[in-house]
Amino acid sequence: MQRPAPERPANREGRAALVRMSRRTVLRGTVGMAAAGSLARPYIANAQAKTAVCWIGQGFVQQEDVAMKAVCDDYMKASGNTLDYSIMPFMALNQKIISALTSGDVPDLFFHDAPENFLPQYAWDDSLVDVTDVVAPYESQLSETAKLCSTFYNRATKKRSYYLCPIKQGATPFHIWGDLVEKAGLKMSDIPKDWDGVWNYLKQTQAPLRAKGMRKIYACGLQITTVGPNDGNNLFRHFLIANGGEAIVTPDGKLHTDDPKIREAAIKSVEFMTNLYKEGVVPPEALSWNDADDNNGYHEKLFVMDFDGTLSTELAMIKDKQAFYHDMQVLAPANKNDGTPMKTMLNAGGGMIPKGAKNLEVAKDFMKYFMQPKVMNENLKAGLGRWAPAIPQIVKDDPWWFSTEMPCLKPYITEIALNPTVPLYNAFSPAWGQCDAEQLWGQAHADVIKSNMKPAEAIDKAFKRCNEIFAKITI
Amino acid sequence: MSVTQQALAVGRGLAATRSRRHVLFGGLHGADYVWAIAFALPYAAIFLAFVIYPIAFGIWMGSDPALYDQLFSDPRYLTAVVNTLLYVGIGVNVKMFLAFMLSGFFIRKRWWIKALMVIFILPWATPALPAYMSIHWFLNGQWGMLNNILYALFAIDGPTYLNEHWSGLAANISAYIWKTLPFWTVILLAGRMAVPQELYEAAAVDGATGLRRFAHVTLPLMANLYLVCTLLDMVFALGDFNATYFVSGGGPAMSTEVLATLGIRYAFTIALPRLGVAAVMSALPLLIPLVILLMRKLRMSEGQL
Numbered sequence: 001m002q003r004p005a006p007e008r009p010a011n012r013e014g015r016a017a018l019v020r021m022s023r024r025t026v027l028r029g030t031v032g033m034a035a036a037g038s039l040a041r042p043y044i045a046n047a048q049a050k051t052a053v054c055w056i057g058q059g060f061v062q063q064e065d066v067a068m069k070a071v072c073d074d075y076m077k078a079s080g081n082t083l084d085y086s087i088m089p090f091m092a093l094n095q096k097i098i099s100a101l102t103s104g105d106v107p108d109l110f111f112h113d114a115p116e117n118f119l120p121q122y123a124w125d126d127s128l129v130d131v132t133d134v135v136a137p138y139e140s141q142l143s144e145t146a147k148l149c150s151t152f153y154n155r156a157t158k159k160r161s162y163y164l165c166p167i168k169q170g171a172t173p174f175h176i177w178g179d180l181v182e183k184a185g186l187k188m189s190d191i192p193k194d195w196d197g198v199w200n201y202l203k204q205t206q207a208p209l210r211a212k213g214m215r216k217i218y219a220c221g222l223q224i225t226t227v228g229p230n231d232g233n234n235l236f237r238h239f240l241i242a243n244g245g246e247a248i249v250t251p252d253g254k255l256h257t258d259d260p261k262i263r264e265a266a267i268k269s270v271e272f273m274t275n276l277y278k279e280g281v282v283p284p285e286a287l288s289w290n291d292a293d294d295n296n297g298y299h300e301k302l303f304v305m306d307f308d309g310t311l312s313t314e315l316a317m318i319k320d321k322q323a324f325y326h327d328m329q330v331l332a333p334a335n336k337n338d339g340t341p342m343k344t345m346l347n348a349g350g351g352m353i354p355k356g357a358k359n360l361e362v363a364k365d366f367m368k369y370f371m372q373p374k375v376m377n378e379n380l381k382a383g384l385g386r387w388a389p390a391i392p393q394i395v396k397d398d399p400w401w402f403s404t405e406m407p408c409l410k411p412y413i414t415e416i417a418l419n420p421t422v423p424l425y426n427a428f429s430p431a432w433g434q435c436d437a438e439q440l441w442g443q444a445h446a447d448v449i450k451s452n453m454k455p456a457e458a459i460d461k462a463f464k465r466c467n468e469i470f471a472k473i474t475i
Numbered sequence: 476m477s478v479t480q481q482a483l484a485v486g487r488g489l490a491a492t493r494s495r496r497h498v499l500f501g502g503l504h505g506a507d508y509v510w511a512i513a514f515a516l517p518y519a520a521i522f523l524a525f526v527i528y529p530i531a532f533g534i535w536m537g538s539d540p541a542l543y544d545q546l547f548s549d550p551r552y553l554t555a556v557v558n559t560l561l562y563v564g565i566g567v568n569v570k571m572f573l574a575f576m577l578s579g580f581f582i583r584k585r586w587w588i589k590a591l592m593v594i595f596i597l598p599w600a601t602p603a604l605p606a607y608m609s610i611h612w613f614l615n616g617q618w619g620m621l622n623n624i625l626y627a628l629f630a631i632d633g634p635t636y637l638n639e640h641w642s643g644l645a646a647n648i649s650a651y652i653w654k655t656l657p658f659w660t661v662i663l664l665a666g667r668m669a670v671p672q673e674l675y676e677a678a679a680v681d682g683a684t685g686l687r688r689f690a691h692v693t694l695p696l697m698a699n700l701y702l703v704c705t706l707l708d709m710v711f712a713l714g715d716f717n718a719t720y721f722v723s724g725g726g727p728a729m730s731t732e733v734l735a736t737l738g739i740r741y742a743f744t745i746a747l748p749r750l751g752v753a754a755v756m757s758a759l760p761l762l763i764p765l766v767i768l769l770m771r772k773l774r775m776s777e778g779q780l
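Note that the protein sequences, when read in sequence, are chains A and B. 102 is the number that my numbering gives to position 102 of the first sequence; each next residue is one higher, with no gaps. 479 is the number that my numbering gives to position 4 of the second sequence; each next residue is one higher, with no gaps.
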């Protein structure tokens, strides 16, 4: 029996529409669209050849974003190329970059202030374009740390090369509430030059301030944290340098935990920090702080001093004239504990080009433009000096950088451009990033504070794990 | 073979062809069949692009056995597994029990209970990130609101909640319960409202009131919904990283880390996304039975809600 034909719509117009939209019509339309697409494609491709897609990290203050947009706009005017740029927050940018490099659907340029968490790993994995040709014209002018922070080992080519076009660098200064120091009956000018001396002097502020009714105030915003991700590791590295252990990782990517001098420096560092904690001059919660907690606490004057990266701590309060221009003081670490000049650890930020970028030439051209000293200088000045130029001569030639208009700027720039510096160890081996991510140093502090382990035992435990991680990533 | 038999054989052949055709084409003919395909294609494409492809990509990313060697050698991994089991086991069950009890409270028809419901729903309506960050600061041992209240009322300094493993884990679980309790309460409330009033009236006629009415009418009718909700929430809780990440941050000393936060750390702190996927994939032995059980429950057609 023949199956009855399905009912058609009774509506005459509806039926007519269905009849007109026959299979043949659909097929004809599809073929037409495909043909139009094929014919139009070369023009679309040509248009894209002059357009680079850029992902840019958002600044901490609005001025940084305005400065970044100005660089992009100026480049577009000068070159005739187009930058299709997006500015996004730090964490979102990190996640987008990692997702893009994992999926292979990449833009033409990443511009990141602090790419050290992912850059060594992706250079190691051969996922980034070698930008030596972009950096070469300016290489002789770059600071040594900027060079080291921009060159990474690639396990496919088996050599180090430039994978970052460095534009900016940041350091870690002491942030001190000068008014609280004075209120405690001490003087900023009396702060000792040596590393431990700074902490020992400022910890004396706590008792007098509490006696004056500040019940919950602490002296030191010491990020002895086991949570991270970054501040606790950064603090430990500076203690290590101050105690003579800066060569724990060398530029060849080798770990030197077997060097007794380095072991001794690490033990001294853990001992000093855990003693401060046990003395009660550090907020107990510091053991569980995240990277924003010390900033929030410092801004609320819940402790007298903090040791944290860049000038974002001060710039966040730029609208509070009294705090920004008078009360908040910035101090560059001066000497190690042996009296020799302290070496500050610097990072580098700038542009990276992922492999698979469709408009490589425009991306490279933009970075060549951006690396010009004049362009670099104007951009970073407009960003209120939160980052210093990767070319140190710039700050020596332009008096703005050492002006006292912003009190926080001069000591910070002195730390970056005039004092001795070392690069982040991440530049030497991606294994260091894994040690940091596991919070090995914070764990060592917790072992001493909470499990009553001796500092030497805690360091031996951390070093053992460090060696296991480095053994898997050999250069 | 007789003519009749031959005719019947041809008929059977035709019927078999039609049957196969019915299975293949769903009884559609010609242009109708093409239109059906045309309408189904976008859905199939979306399903492929947004369900099948991500799952297959995830499985591919976590397919290298070397990743699991690396994962199992990380001292944080075992801690994260134990914490995940505690987080899911305690967090989900305590919450569902509370939600069930509260749904019994909120079904009452007094005006102030309706008003209270509006306030009760607020944690669910609040965006997760600021809510969890507020809890992190609320629990701060030195300057947090909780300890300030304790000091104001009793002149005592409260503990540093996030510095201890157990109180840190309890904080994460409590925050998760607080955030999602209203949602499940509303779901179970809707379930209670769907119970026919006639059943309660009949039970009342038979003398069943109070606890007996609850045990013999409400509980049996709600059991299936309760179980499905519990299974669903277990699947959600296994993948939840917000509460741990923003309340305790995995601290102290990574002791409250769960698999979801460990995976996020691998992926986005040290740019090892494949290891991050492997960390999450290692929860599959727990996740797959849950999903199978959930599917079986959803297919049941018993006289329950």
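Ideal placement from N, C-alpha and C gives every residue a C-beta, glycine not left out.
If we ignore side chains and look at the alpha-carbon of each, how far apart do residue i and residue j end up?
i, j, result
"Gly-433/A", "Asn-558/B", "25 Å"
"Thr-82/A", "Leu-331/A", "42 Å"
"Pro-97/A", "Thr-344/A", "According to the sequence displayed, residue 97/A carries Ile and not Pro. Spanning the two alpha carbons is a distance of roughly 28 Å."
"Thr-51/A", "Asp-74/A", "15 Å"
"Phe-613/B", "Ala-286/A", "15 Å"
"Ile-469/A", "Pro-208/A", "46 Å"
"Lys-358/A", "Phe-514/B", "35 Å"
Could you tell me whether any Cβ in chain B is nearer than 8 Å to the Cβ of residue i?
i, result
"Gly-476/A", "What the structure shows of chain A is the stretch from 1 to 475, and residue 476/A is not part of that stretch, so it cannot be assessed."
"Asn-285/A", "Here residue 285/A turns out to be Glu, not Asn, going by the sequence shown. True, the Cβ-Cβ gap to chain B drops below 8 Å."
"Glu-279/A", "no"
"Cys-72/A", "no"
"Phe-118/A", "yes"
"Ala-437/A", "yes"
"Asn-452/A", "no"
"Gln-121/A", "yes"
"Thr-151/A", "no"
"Leu-302/A", "yes"
Counting only beta-carbon separations shorter than 8 Å, does residue i have a partner in chain A?
i, result
"Ala-746/B", "yes"
"Ser-609/B", "no"
"Gln-672/B", "no"
"Ala-515/B", "no"
"Leu-621/B", "no"
"Pro-727/B", "yes"
"Ser-723/B", "yes"
"Asn-647/B", "no"
"Arg-771/B", "no"
"Trp-535/B", "no"
"Trp-641/B", "no"
Who are the Cβ neighbours of residue i in its own chain at under 7 Å, not counting the five residues just before and after it?
i, result
"Ile-262/A", "Gly-245, Ala-247, Ile-248 and His-256"
"Asn-230/A", "Asp-291"
"Val-567/B", "Thr-705, Asp-708, Met-709 and Ala-712"
"Leu-765/B", "Leu-706, Met-709 and Val-710"
Put residue i into one of helix, strand or coil per three-state DSSP.
i, result
"Asn-154/A", "strand"
"Ser-548/B", "helix"
"Trp-177/A", "strand"
"Asp-194/A", "strand"
"Gly-725/B", "coil"
"Thr-421/A", "strand"
"Arg-667/B", "helix"
Residues in its own chain within less than 8 Å of residue i by CB, not counting five upstream and five downstream?
i, result
"Leu-762/B", "Val-710 and Leu-713"
"Val-670/B", "Val-692, Thr-693, Leu-696, Met-697 and Leu-780"
"Thr-404/A", "Lys-410"
Once the 5 residues before and after residue i are set aside, which same chain residues still bring their CB inside 6 Å of it?
i, result
"Leu-311/A", "Arg-386, Cys-408 and Tyr-412"
"Lys-321/A", "none"
Using DSSP's beta-bridge definition, name the partner residues of residue i.
i, result
"Trp-55/A", "Ser-86/A and Phe-110/A"
"Leu-255/A", "Val-249/A"
"Gln-63/A", "None; Gln-63/A has no bridge partner."
"Ala-92/A", "None, per the DSSP bridge assignment."
"Asn-290/A", "Gly-228/A"
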